[in-house]
Structure formats: structure tokens, C-alpha cells
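Undergrad:
2 protein chains.
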Amino acid sequence: MALRTPYLMFIGDAADQLAAKTAQGVVHWRPEWCLGQLRLEGCNADLGIADMTLEEAAEAGVKTLIVGVANRGGIISQAWTNTLVRAMELGMDIASGLHNKLGDLPDVRAAAELHSRALYDVRHPTRAFPIGSGKPRSGNRLLAVGTDCSLGKMYTTLALWREMETRGMNVDFRATGQTGIFIAGDGVSVDAVVADFISGAIEEISPANDADHWDMIEGQGSLFHPSFAGVSLGLLHGAQANALVMCHEPGRQIMRGVLHHAPPSIEDCIQLNETAARLTAPEAKVIALAFNTSKMNDSEAEACMKDHADKFGMPCVDPVRTGVGDIVDILQ
Amino acid sequence: MALRTPYLMFIGDAADQLAAKTAQGVVHWRPEWCLGQLRLEGCNADLGIADMTLEEAAEAGVKTLIVGVANRGGIISQAWTNTLVRAMELGMDIASGLHNKLGDLPDVRAAAELHSRALYDVRHPTRAFPIGSGKPRSGNRLLAVGTDCSLGKMYTTLALWREMETRGMNVDFRATGQTGIFIAGDGVSVDAVVADFISGAIEEISPANDADHWDMIEGQGSLFHPSFAGVSLGLLHGAQANALVMCHEPGRQIMRGVLHHAPPSIEDCIQLNETAARLTAPEAKVIALAFNTSKMNDSEAEACMKDHADKFGMPCVDPVRTGVGDIVDILQ
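Top to bottom, those sequences are chains A and B.
For the first sequence, this note's numbering gives the first residue as 213, with consecutive numbering after it.
For the second sequence, this note's numbering gives the first residue as 213, with consecutive numbering after it.
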């Protein structure tokens, strides 16, 4: 795949800031790639970067327009279509994180063909992946796992990648979801892969590498999530990670999106992840805890992290509050 | 889905008996649905049922032609296409277990539209499935799990279903692979479902049921298989099975299709399956062992099964050699 950079961030008529969450994540982690934002009338979000017309973006050298917004009611309006078509006329590719496929819009598909531009629906893998082999491969890999969905696995791996780059280490971020793909410029939406190819897709995006190289692999779901655990297990086997970081939100009572299921204990979650991971990575070990303490005040968060670090005998950080330096110290 | 019965079994120009393995399985378990076989010139397989022309099959009341054969080199010849088109002219639907899709053959698709006939590619799910909910549901479910792929999980569940029917119990077989789908007339090729929907697909095909009802759910893969464990875990969570049967082939050294991986011990495999299953079915328990002892002689097999039954304190059967009566005794 490999998206061409830099980007123009299109957030359409986003109803609120939350609707532009994907675009915001890309701007946060790749400010150097995000030359500007394009907002239509009625847009209530702001990415905090320069507003640009399509013409200004083309002039500035933008190569890809990123549709980084949840559209209202799943309908793509004519105003959007016109924007996408004009961007292609001006030489840009289009990459979208929408559920709807760009190629299903006749005007958009026609313009892509006419101008030989690429359409990337990052939620919908188009590459054919091999079946996972389980074959040992060189290099080092770290995977973020978790007690639940949506508690900071992507943020944790990105923070690690950034910190390791800053320290001059040999590292890549490997994306397994839509926002991560825009940030990495490549990757796979692993939850949209055909079930037989989950582990094979992950083997493919984090290939054998130098002995001092690290892949920071974005995790998905949880082995304890009744909807998505299959994705998490295939990802764990494909990642062949020697290091795991356990992500957790203290105080969460119910697992995201389901009834009746409390999150597992950290102990149980560490044990099951290590057991399963060792099928393909015999040395796999949880080396740190990464907490999302956004609902706590400073002193509560500090006490909570200290307690858990003592109890588990490993660093316990909040990537937002404390950074991830303590984890990178171990990897170094 | 629900295929219309009875069937005509089309085995084309099968190179050998193995190429017609799918068709053979259907004839074995559903002889009453398989009115005849249709073989083309050069066919080296024989299902042991009456040869029939398409016209004879139509006359006999056949509703669906089953393509139950692996085609040579992945190419569908013109002779096949002519057969499929003529079958639709005569009023039959077509159901195929091929990797290639029927609808990708222009003549076949055109004939299906012209005659309003259905094309079923059972390896390629077309239904949209919900995301798994993990919500408890009524009725009883048994799932066959295993130390590896291809060691008798489908056969075991079919043998249980047949024995329970014979005893007048309230039971259904739930298919998760192509051969099973032809035998059940319905089901899902779970390994071809999009990863996010594995457990949801299984919840859908084995819905809530009467308190005395049993679903015998065909298992796939193994939690210890580095290529396919994600499928197996999603299946396990979706099945919400109160009873598990552990399938195993004594003496197998290497897991199917991979290098470097020996099968797990039965103990480890029971423990991990029970732990994982209890996420959605708190009472889940391995209640019996089902061995494939086809490479042993009678006395070896008998000794092996007795040893394991004693060691694990549960029945140990070979569905082919001994039947599954000992397991059904427990379910009753």
C-alpha cells in the first residue's frame, strides 16, 4: 500500500470534535505530514492546523487527501463527492477511513480512473495475505495487549515508537487499524481481514528484520473480549512478540460494547497472553503495564501506578501522564 | 441460506477419489439427499451411488447440483460450465465448495439470472453477520475442539448428531465448513468470515433454543495452531458450549501445514480451551476425548483409548472404531 505523503486532512462537515478523532490522531503523531485541513460549511471540528483550499494544498505539494472523519448517517453528500473529485483532478490520491468504500461512489471511481489516482479504503484490506506460518523470524517485536478494547493500545505503541526514535533506536511502528495506518502510511485493518489470514497478515506487516530492530505493533481488542478475541489471538500469534505491554484502564466495570462482562484481572490477562504468545515466541513476556488514568486526579493516578508497579515488579506508566521512558529503558 | 434438497453430486473429472472427498462425505452422512452422481469423461472417482444424467436428475426431483470436487489446477473447464448451465435450465440451484466463485464465471452467472436460480459458494459467506454479543442464550451446545486441524472434529460432531437423533433426542448439527454445510444444508464457512465477525457468525448459526435441545457444533483448527487459532478462539467464544469434546490423533508429530510446531499435550489443550470457553460459558467443560486411531491396529487403539480414559477420568472413543455412544450417555 504505502500512502504518498504529505497529507491534506479533510474533515468535511464533522458534527463535533469527536467525529474528527481519526484526523486529530494523525495530526498529533504526524504534524510534519499534515500540511493543512479542509473543512466544509457546517463543520464543527478544528484540527488546529492551517485551513487550505484544494488548490492551495496542491500548490503546497500535498499527495494524498485523507478522509479522517465519521460522516453523518453513513451518507456521503454531493459536496463531499465534488471535493474528492476535484482533489484527484489536482493530482491527489484519496485515502479514507470510512465504512463506505470510495470505489462504490460512481463519480469518485470514474475520476480515479480518469486521472489514474489511487483510492485507499484503509478499513477494507485489498491485499491478499498468506496464511500464517508461525516460522521464527529475526528482529524484535513489541505488541500492546489489553484487558479490553479502547484503552490506549495504539497510543502506547506510538508513544514507544516516538521515544525510541528520539533515542536513536532502530524502530518502526506497525499499524493494525485505520488511524494507525494513516500515521504509519501503511499497515492492515486486521479486524477486516478474512479470518483465516489474521496471523498471516501480521507476519506480513512486521517482517524479519535486523537483530537490533524493533517493531512496535499496535494491538487490537482483548483475549477476554467476547466479540473480538479471535482477532486478538491471531494478532498475538502473528506478531511473534518477545515483549508485551499490558494496557488497562483501572476502574472500568464493563467491557466495551457488551453487557454482562467485567474486564479480567490483570493477573489473568497477563497469564493468558503469555501462554498464548509463547506458541510462536517462546520468550514472550509482559514487561510493563500501561494504564489509562484519565479519570483519576494526579495523586490517585500516581498511587495507583506505584501500587501496580510494586505488585507486578515491572514499570507501570500512563503514556499521556508520565511518558513511556521507563519502558524504553528496559528495551534498551 | 438453506440449500434445497435433494442433491445431484457432481464430481466432474476428479483426478482420484481424494479429489471427491467433499462429495463422499455428503453421501456418507446424507445418503437420502444424494439421489445420484454425475461424472464427466476422465473421472477417476466413484461415490458408489447411481450415475445420473442431468435430465434424469431433474426427473427424479433434484433441487440442487452440488459441486463436491477439487477441480484440477483451479481452472473450470468449458465442459463443467456447460453442465452447470444445463442444470439451471432444468431448474436446479448450484452449490459449490470450490475456491473460485461460481458468479465469476460469466456464462454461469448469466444462466442463473436468466433462470432465476441460486448460486451458493459455500466457502464464501455472503450473509452479513452481527458482531458477537457474548450474551448468554438458552439451550445446550457441544463443540468439538482439537489439538490440531484435520483430525476428526467434523466427523465427531456428525457421529454425535446421528447417535442422538437415533436415540430420539432434540439435536441439530451446525456446520462451520464446506462439507458440513452440504450435509446440514446450511451453516457458515467460519474461516472465510471477516475477522471481526467470527464469534457473531457462530452465535447466529447456533441460536437460543429449547432447554432440552442440543446443537452439535463443528469445530475448526486449534487454539494451538499458529495459522488458525484466531478462528478457533472466536468459534469457541461464539459457540457458548457447555460441553467440549477434545479431538486428537495420538502419535502426530507435527501440526498440519506448519513447520516447527509439535501438537500440544492433551492436558494443556484441555486447560486452555476450558479457560477460554468459560468467558462466555462459565460451565464449559471437556467431557470426553475423541481420538483418530486410524494408524493403529485394534489392540493398540484399544489400549491407547483405555489408558487415556483412565488418565483423564472421561470417555475416550474413536468415532469410527467404537462409535460415540459413551459420550451420548453423558449428554442424556
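Note that beta-carbon positions come from the ideal geometry of N, C-alpha and C, so glycine has one too.
#1: When the Cα atoms are used, what is the spatial distance from B/Gly557 to B/Cys246?
#2: Can you find a C-beta in chain B that's less than 8 Å from the C-beta of A/Pro159?
#3: DSSP on B/Gly248, reduced to helix/strand/coil?
#4: By how many angstroms is the C-alpha of A/Ala488 removed from the C-alpha of A/Leu448?
#5: Whole angstroms are fine: how far does the CA of B/Glu514 sit from the CA of B/Asp480?
#6: Going by beta-carbon coordinates alone, are B/Arg335 and B/Gly309 separated by less than 8 Å?
#7: Among the candidates A/Leu471, A/Leu326, A/Thr368, A/Pro476, whose CA atom is the shortest distance from the CA of B/Pro348?
#8: Under the three-state reduction of DSSP, which class applies to B/Ala282: helix, strand or coil?
#9: Contact defined as beta carbons within less than 8 Å: I believe B/Arg353 pairs with B/Ile429. What is the distance between those atoms, to the nearest angstrom?
#10: According to DSSP, is A/Ile223 helix, strand or coil?
#11: Excluding the five sequence neighbours on either side, which residues of its own chain have a C-beta within less than 7 Å of the C-beta of B/Gly397, listed in chain order?
#12: Just by C-beta distance, which residues in the region 415–439 of chain B are closer than 7 Å to chain A?
#13: Can you give me the C-alpha to C-alpha distance between A/Gly254 and A/Lys313, rounded to a whole angstrom?
#14: Confirm, please, whether the CB-CB distance from A/Val405 to A/Phe341 is below 8 Å.
#15: In whole angstroms, what separates the C-alpha of B/Val402 from that of A/Ala502?
#16: Going along chain A, which residues have a C-beta under 7 Å from B/Ala232?
#17: In whole angstroms, what is the alpha-carbon distance linking A/Leu277 and A/Ala324?
#18: Look at the alpha carbon of B/Gln452 and the alpha carbon of A/Met458, and state the distance between them as a whole number of angstroms.
#19: Helix, strand or coil: which one does DSSP assign to B/Val443?
#20: With a 10 Å radius around its C-beta and 16 neighbouring C-beta atoms as the bar for buried, classify B/Thr265 as buried or exposed.
#21: With burial defined as no fewer than 16 other Cβ atoms inside 10 Å of the residue's Cβ, what is the status of A/His437: buried or exposed?
#22: Quick check: is the beta carbon of B/Ile288 nearer than 8 Å to any beta carbon in chain A?
#23: Does any C-beta atom of chain B lie closer than 8 Å to the C-beta of A/Gly358?
#24: For A/Arg386, which three-state DSSP category applies?
#25: Using 10 angstroms around the beta-carbon of A/Pro318, count the other beta-carbons present and answer buried if the total reaches 16, otherwise exposed.
#26: Just confirm the distance between the C-beta atoms of B/Lys497 and B/Leu456, as a whole number of angstroms; I'd bet it's less than 8 Å.
#27: Quick check on the DSSP output: the beta strand (DSSP E) that includes B/Val238 runs from which residue to which?
#28: Comparing the C-beta of A/Lys365 with each C-beta of chain B, is any distance below 8 Å?
#29: Suppose you measure from the CA of A/Tyr367 to the CA of B/Ala474; what does that come to, to the nearest Å?
#30: Identify each residue in the region 338–351 of chain B for which the Cβ-Cβ distance to at least one residue of chain A is less than 9 Å, and report them in chain order.
#31: Residue range of the alpha helix (DSSP H) that A/Ile410 falls in?
#32: Go to B/Ile499, then tell me how far its beta strand (DSSP E) extends in each direction, as first and last residue.
#33: Would you mind listing the beta strand (DSSP E) stretches within the region 452–491 of chain B that are 3+ residues and don't spill past its ends, in chain order?
#34: Using 10 angstroms around the beta-carbon of B/Lys507, count the other beta-carbons present and answer buried if the total reaches 16, otherwise exposed.
#35: Output yes or no for whether 8 Å exceeds the beta carbon distance between A/Ala423 and A/Gly315.
#36: Do A/Gly188 and A/Ala269 have their C-beta atoms closer together than 8 Å?
TA: Answer, in terms of the structure:
#1: In the structure displayed, chain B extends from 213 to 544; residue 557 of chain B sits before or after that span and is not available.
#2: The structure shown has nothing for residue 159 of chain A, since chain A only spans 213 to 544.
#3: strand
#4: 8 Å
#5: 23 Å
#6: yes
#7: A/Leu471
#8: coil
#9: 6 Å
#10: Correct three-state label for A/Ile223: strand.
#11: Ala214, Leu215, Thr217
#12: Phe436, Pro438, Ser439
#13: 23 Å
#14: yes
#15: 34 Å
#16: Those do not exist, as B/Ala232 stays about 23 Å from chain A at its closest Cβ, beyond 7 Å.
#17: 13 Å
#18: 27 Å
#19: helix
#20: So B/Thr265 ends up on the exposed side.
#21: buried
#22: no
#23: no
#24: strand
#25: Counting of Cβ neighbours within 10 angstroms places A/Pro318 among the exposed residues, the total staying below 16.
#26: 7 Å
#27: No beta strand (DSSP E) holds B/Val238; the alpha helix (DSSP H) holding it covers 233–241.
#28: no
#29: 36 Å
#30: Ile343, Gly344, Ser345, Gly346, Lys347, Pro348
#31: Taken as a continuous stretch (DSSP letters only), the alpha helix (DSSP H) holding A/Ile410 covers 410–417.
#32: 497–503
#33: 455–460
#34: exposed
#35: no
#36: Nothing about residue 188 of chain A can be read from this structure; chain A reaches only from 213 to 544.
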